[in-house]
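Structure, as structure tokens:
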Ligand SMILES: [Zn+2]
């Protein structure tokens, strides 16, 4: 696996996970050991979120030396997180997160998308430790992902490779936040389910659950044929909340879509990461930057 470089930093990384409702921080050692976690709630800081994050970061670091700051952030963002515009943080539009954090904390800062960060953590600490090619997916309020092929996380021209939520799975389907129609995110995400049914995804009926799993499976099967991977790891409250039935239906649908000989062993599994996955992912973004 070549997800990280050769260097083995002795100091911890300050990991910042900037999510939909909260921002979490912790020091993470190179072996994945996690220090005390702290959090600030996005809603409680409509105008001073950045200042609250910096204060929390300084608190977490204390007098320790850190090797780098690794940030996992909701998108969209420009390359390396120079300008981030997370949909849920209205006051951040093209916000220069990387340079502002570097100025405030005086240490190198590396930023990547939250689902891509999770893909790194899945390979180093989760279910994909023995896989050289896999797709890591999040099916939650939104749908995101990261591709690892031949042991490397795919970046793409603008660093945004892995946006599997915008694969079109229903021709002329529901309008998506990206402006297109029938994207996986517009059909199978938490917000899509809520806008279709008028109820939160956690209260979805059987038919909705099966449909969601089948659409995810179709997307994974199609992508597996295109990119030649046999493992997909899925995290996120919608997929995990739907339980075993989700994985059964998704696998069936993926196999129906991926018929080529090299995709015969395709399997969609639950993430091997626990509740620390997002912070581990953020730390891996930092380690990927400095190693
Ligand atoms: Zn879309």
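In this note's numbering, the protein residues as written are 27 to 317. Cβ coordinates follow ideal geometry from the N, Cα and C atoms, glycine included.
Evaluate residue i with the Cβ neighbour count: other Cβ atoms within 10 Å of its Cβ, from every protein chain shown; 16 or more gives buried, anything less gives exposed.
i, result
"residue 189", "buried"
"residue 38", "buried"
"residue 240", "buried"
"residue 286", "exposed"
"residue 233", "exposed"
"residue 70", "exposed"
"residue 142", "buried"
"residue 270", "exposed"
"residue 238", "buried"
"residue 311", "buried"
"residue 252", "exposed"
"residue 229", "exposed"
Of the residues the options, which one's Cα is nearest the Cα of residue i?
i, options, result
"residue 243", "228, 288, 196", "196"
"residue 170", "277, 193, 29", "193"
"residue 124", "46, 136, 66", "136"
"residue 204", "168, 311, 173, 142", "168"
"residue 131", "146, 229, 152, 97", "97"
"residue 316", "133, 66, 101, 156", "133"
"residue 68", "99, 225, 59, 58", "99"
"residue 116", "47, 246, 238, 247", "47"
"residue 283", "246, 253, 311", "246"
"residue 289", "249, 53, 225, 129", "249"
"residue 272", "181, 231, 177, 224", "231"
"residue 314", "150, 220, 129", "150"
"residue 257", "278, 281, 85, 292", "292"
Is the Cβ-Cβ distance between residue i and residue j less than 8 angstroms?
i, j, result
"residue 275", "residue 236", "yes"
"residue 29", "residue 146", "yes"
"residue 120", "residue 35", "no"
"residue 175", "residue 255", "yes"
"residue 187", "residue 207", "no"
"residue 2", "residue 40", "Coverage of the chain is limited to positions 27 through 317, which leaves residue 2 absent and any answer about it impossible."
"residue 216", "residue 166", "yes"
"residue 303", "residue 61", "no"
"residue 154", "residue 259", "yes"
"residue 79", "residue 95", "no"
"residue 185", "residue 105", "yes"
Which whole-angstrom value describes the C-beta separation of residue i and residue j, a residue pair presumed to lie in contact below a C-beta threshold of 8 angstroms?
i, j, result
"residue 212", "residue 199", "6 angstroms"
"residue 43", "residue 32", "That belief does not hold up - the Cβ atoms of residue 43 and residue 32 are roughly 26 angstroms apart, past 8 angstroms."
"residue 261", "residue 179", "That pair is no contact at about 16 angstroms."
"residue 103", "residue 139", "7 angstroms"
"residue 182", "residue 158", "Not really, about 19 angstroms apart at Cβ, beyond 8 angstroms."
So does the segment 297 to 309 actually touch the segment 71 to 91, counting three or more Cβ pairs closer than 8 angstroms?
no
Evaluate the contact criterion for the segment 68 to 83 versus the segment 154 to 171: three or more CB pairs, one atom per stretch, below 8 angstroms.
no
Are the segment 296 to 305 and the segment 254 to 269 touching, with three or more C-beta to C-beta distances below 8 angstroms?
yes
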